[in-house]
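Student:
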Amino acid sequence: MTDFTEERRSAPRRAMVLDAEVVDIPLGAKFNARSADFSRTGCYIDTLNPISEGTEVRLRVTHHAENFVASARIVYVSPGMGMGLTFTNVEDQQMACLDRWLSEPLKEY
Numbered sequence: 266m267t268d269f270t271e272e273r274r275s276a277p278r279r280a281m282v283l284d285a286e287v288v289d290i291p292l293g294a295k296f297n298a299r300s301a302d303f304s305r306t307g308c309y310i311d312t313l314n315p316i317s318e319g320t321e322v323r324l325r326v327t328h329h330a331e332n333f334v335a336s337a338r339i340v341y342v343s344p345g346m347g348m349g350l351t352f353t354n355v356e357d358q359q360m361a362c363l364d365r366w367l368s369e370p371l372k373e374y
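Each residue of the sequence shown is one higher than the one before, starting from 266 at the first, in the numbering used here.
1) What do you get for V322, buried or exposed, if any count of 16 or more other CB atoms within 10 angstroms of its CB means buried?
2) Give me whichever residues DSSP pairs with H328 in a beta bridge.
3) Taking the alpha-carbon positions, what's the T312 to F296 distance?
4) Check whether the Cβ atoms of S304 and A285 sit closer than 8 angstroms, and answer yes or no.
5) Would you list the one or two residues that DSSP bridges to G293?
6) Per DSSP, what kind of secondary structure is L313 in: helix, strand or coil?
7) Excluding the 5 residues preceding and the 5 following P308 in the sequence, name in chain order all residues of the same chain whose CB lies nearer than 7 angstroms to its CB.
8) Between which two residues does the alpha helix (DSSP H) holding M346 run?
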């Protein structure tokens with residue numbers, strides 16, 4: 266039997282390591298973390314202490330002194346590693362900001 270993982274994402278992801286703040290809305294707790302990748306529909310956040318699947322959160326990410334802010338829901342958790350978020354509410358101005366980031370040329374380091 267072939268071992269593969271089916272791609273279920275509706276939008277391509279791009280690696281973007283950025284400072285992030287995640288607020289657990291039900292508890293009001295703030296967590297500082299780092300993003301790993303982004304798409305127009307969600308992102309992955311690296312954190313040793315991920316929030317429970319299904320939790321509604323507010324995400325703020327900073328890139329080039331500009332902030333992207335969105336409401337999101339935790340859709341999966343990798344214990345001790347991080348969590349996948351799907352955006353649930355993104356204002357048009359914020360989506361335009363994210364689109365600019367996603368369209369920037371990749372830099373080689």
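Backbone N, C-alpha and C define an ideal beta-carbon position, used for all residues, glycine too.
Only a predicted model underlies this, so the values are computations on that prediction, with no experimental measurement involved.
Tutor: On the basis of the data shown:
1) For the purposes of this step, residue 322 is taken as the residue at position 57 of the sequence shown. By the neighbour-count rule (16 or more Cβ atoms within 10 Å), V322 is buried.
2) As a working note, residue 328 is residue 63 in the sequence shown. Looking at the DSSP assignment, H328 forms a beta bridge with E331.
3) The residue you call residue 312 lines up with position 47 of the sequence shown. The residue you call residue 296 lines up with position 31 of the sequence shown. Taking the straight line joining both Cα atoms gives about 9 angstroms.
4) Working through the sequence shown from its first residue, we reach residue 304 at position 39. Working through the sequence shown from its first residue, we reach residue 285 at position 20. For S304 and A285, no; Cβs fall outside 8 angstroms.
5) Within the sequence shown, the letter at position 28 stands for residue 293. None; G293 has no bridge partner.
6) In the sequence shown, the residue the question calls residue 313 occupies position 48. Looking at L313 - three-state DSSP - the assignment turns out to be coil, as it is neither helix nor strand.
7) The residue labelled residue 308 in the question sits at position 43 within the sequence shown. As written in the sequence, residue 308 is Cys, which differs from the Pro given in the question. Taken in chain order, the residues that qualify are S300, D302, L350.
8) Taking the first residue of the sequence shown as position 1, residue 346 is located at position 81. M346 -> no alpha helix (DSSP H), and no H or E assigned at all.
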